[in-house]
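Worksheet for the structure shown next.
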């Protein structure tokens, strides 16, 4: 039995507790999509991690070992390229629980196309269905084979440190994951963060909302989301990871957001590093010099300051990182840009979409 959790239940009350209760009731190994992390509790004993894009090793191994003998329950999931890599579910029975009519990924109102074998779709309020599963389990024990409890460490790969003069992003993400203030909104643009953050942090942070705007790969779009979130709730702490390539698409609009109190982390690696690994497959006959996958380095701090923002630059050895975070807590109204020197060759989360090329 496998439970796959997506983001559709994000606004449901107690969704984290409910998915945990269902996992325990069914003794079901639980995995989640990039944004499904908002619907899973950090203490879920069966939590194996994120699958597919930036997925954790244990979760990916579990997902890829699925056979016709398995049953998968999908809670508010969209089987898109970043979640299932456009591969059909190999399980013998696939149950989709959804409360959104004609949502992204539906074909004529159904997810039938995503299953290789038996398919069942339940169009009903997610909370009601999950509570019913729990209630029925109390009345009569489900005849499912219990999954092993998830290990403490969800990754097996050994991550190489960055080269000299670059910050170790593994340490940066792990530190921030513990540092976020409760109630914060953390957004990832189409940059390394939306592949690496979930891989490094491994488990949910129950006190924040973490969202990645990946569909359509619209670089720079997350900046507009951060602005909108701040206008909607001025007192909410909004943090944004964005790449130096993404910055090129909205950098001229910083001045209008200078007094919103947004914190923007720029991952400065002077490379379009999401696409760079796939270019040899996409353009096999083109010389690498013509890939146009590199960026001229820019002083993003000066651009921010000229636009009325505060700016800080993280030292490669992270010696000033804690001081910068303390400064971020001091300012509530003025927007702040933090530049982080990132090694384009430091590989953290995987991009299984490259295999499709």
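Residue numbers (the numbering used here): 3 to 359. Backbone N, C-alpha and C fix where the C-beta goes; we use that ideal spot for every residue, glycine too. This one's a predicted model, so the numbers in the text were calculated from it and none came from an experiment.
Note down, in chain order, each residue of its chain lying with its Cβ closer than 6 Å to the Cβ of residue 101, except the 5 sequence neighbours on either side.
Taking the first residue of the chain shown as 1, we reach residue 101 at position 99. Excluding sequence neighbours, residue 101 sits near 127, 128.
In the DSSP assignment, find the beta strand (DSSP E) that holds residue 214 and state where it starts and stops.
The count along the chain shown starts at 1 and reaches residue 214 at position 212. Residues 211 to 214.
Is it a yes or a no for the segment 86 to 104 touching the segment 184 to 194, going by three-plus beta-carbon pairs under 8 Å?
no
What beta strand (DSSP E) runs, 3 residues minimum, are completely inside the segment 245 to 309?
265 to 270
Can you check whether the CB of residue 132 is closer than 8 Å to the CB of residue 5?
Within the chain shown, residue 5 is the residue found at index 3, counting from 1. Within the chain shown, residue 132 is the residue found at index 130, counting from 1. In this structure, residue 132 does not lie closer than 8 Å to residue 5 by Cβ.
Going by C-alpha to C-alpha distance, which of 291, 195, 135 sits closest to residue 275?
Working through the chain shown from its first residue, we reach residue 275 at position 273. The shortest C-alpha separation from residue 275 is found at 195.
Beta-carbon contacts of residue 122 that lie in its chain and below 6 Å, excluding the five residues immediately before and after
By one-based count along the chain shown, residue 122 stands at place 120. Excluding residues within five positions, the ones whose Cβ falls inside 6 Å are 97.
With a Cβ-Cβ cutoff of 8 Å, do residue 70 and residue 92 count as a contact?
In the chain shown, counting from the first residue as 1, residue 70 sits at position 68. In the chain shown, counting from the first residue as 1, residue 92 sits at position 90. It is a contact, given that the beta carbons lie within the stated cut-off.
Could you compute how far the alpha carbon of residue 30 sits from the alpha carbon of residue 149?
Within the chain shown, residue 30 is the residue found at index 28, counting from 1. Within the chain shown, residue 149 is the residue found at index 147, counting from 1. Spanning the two alpha carbons is a distance of roughly 6 Å.
In chain order, what residues of the same chain have a beta carbon less than 7 Å from the beta carbon of residue 295, not counting five sequence neighbours either side?
Taking the first residue of the chain shown as position 1, residue 295 is located at position 293. Counting only Cβ-Cβ distances below 7 Å, and skipping sequence neighbours, we find 273, 274, 277, 278, 281.
Residue 238, DSSP secondary structure in three states
Your numbering for residue 238 matches position 236 in the chain shown. Three-state DSSP puts residue 238 in coil, outside helix and strand.
Residues bridged to residue 243 by DSSP?
By one-based count along the chain shown, residue 243 stands at place 241. DSSP, once it has assigned bridges, lists 190, 267 as partnering residue 243.
If you compare alpha carbons, which of 116, 175, 3, 38 is closest to residue 17?
Locating residue 17 in the chain shown gives position 15, counting from the first residue. Nearest of 116, 175, 3, 38 to residue 17, Cα basis: 38.
Candidates 235, 156, 223: which alpha carbon is nearest residue 206's?
Position 204 of the chain shown, counted from the start, is the residue given in the question as residue 206. Taking only the C-alpha atoms, the option nearest residue 206 is 156.
If I'm right that residue 269 touches residue 342 with Cβ under 8 Å, what's the distance once you round it to whole angstroms?
On the chain shown, residue 269 is found 267 positions in, with the first residue counted as 1. On the chain shown, residue 342 is found 340 positions in, with the first residue counted as 1. Sure, about 6 Å apart at Cβ, within 8 Å.
Determine the closest residue to residue 180 out of 327, 13, 53, with distance taken between C-alpha atoms.
The count along the chain shown starts at 1 and reaches residue 180 at position 178. For the residues 327, 13, 53, the minimum Cα distance to residue 180 belongs to 327.
Cβ-based burial, residue 46 [other Cβ within 10 Å; buried from 16]:
Reading the chain shown from its first residue, position 44 is the one you call residue 46. Buried, by the Cβ-count rule.
Collapsed DSSP secondary structure at residue 41 in the structure displayed
Numbered from its first residue, the chain shown carries residue 41 at position 39. Residue 41 falls in the helix class under three-state DSSP.
Which residues DSSP lists as bridging residue 123, in chain order:
By one-based count along the chain shown, residue 123 stands at place 121. Looking at the DSSP assignment, residue 123 forms a beta bridge with 98.
CB of residue 340 within 8 Å of CB of residue 265, strictly
In the chain shown, residue 340 corresponds to position 338, counting from 1. In the chain shown, residue 265 corresponds to position 263, counting from 1. Taking 8 Å as the Cβ cut-off, residue 340 and residue 265 qualify as a contacting pair.
Under a three-way DSSP split, which group does residue 24 fall into?
Here the question's residue 24 lines up with position 22 in the chain shown. Helix, per DSSP.
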